[in-house]
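Student: Residue numbers (full-length UniProt numbering): 1 to 108.
(1) Given residue 18, which residues of its chain have a CB within under 8 Å of its CB, disregarding the five upstream and five downstream residues?
(2) At what residue ranges does the region 23 to 91 contain a whole run of the alpha helix (DSSP H), taking only runs of 4 or more?
(3) Is it true that the region 83 to 93 meets the region 24 to 43, where meeting means three or more beta-carbon pairs spaced less than 8 Å apart?
(4) Whose C-beta lies closer than 6 Å to the C-beta of residue 34 among residues of the same chain, with five residues either side of it excluded?
(5) Closest to residue 53 by C-alpha separation, out of 21, 93, 91, would be which residue?
(6) Exposed or buried, what is residue 89 when buried is set at 16 or more other beta-carbons lying within 10 Å of its beta-carbon?
(7) Do you know how far the Cα of residue 70 is from the Cα of residue 78?
Following this line, the structure appears as structure tokens:
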């Protein structure tokens, strides 16, 4: 998506509660430091696709709504990865059904 398409309509006022200052938003997205928040903003493709950064004076801001969308996307991807991992674990356990119990019983 090109930058022109991502420019926001500045004619509409944005409620103050809907805007997050990026360094202060680090807590909001669940990271400890502002530098980590900036690293995510610059390198994470999901962040760049869902969150539009804009300037108010010298401060870089993001809409809380877009940050929420980013967090929901990350949560969904994490849940999908966990689901795939659990499928592999269950398949492994099923293929080795009872081996651990037999070995444990033999050691006693």
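Idealized CB from N, CA, C, for every residue including glycine.
Tutor: This is what the structure holds:
(1) 63, 64, 65
(2) 34 to 43, 45 to 50
(3) no
(4) 23, 26
(5) 21
(6) exposed
(7) 12 Å
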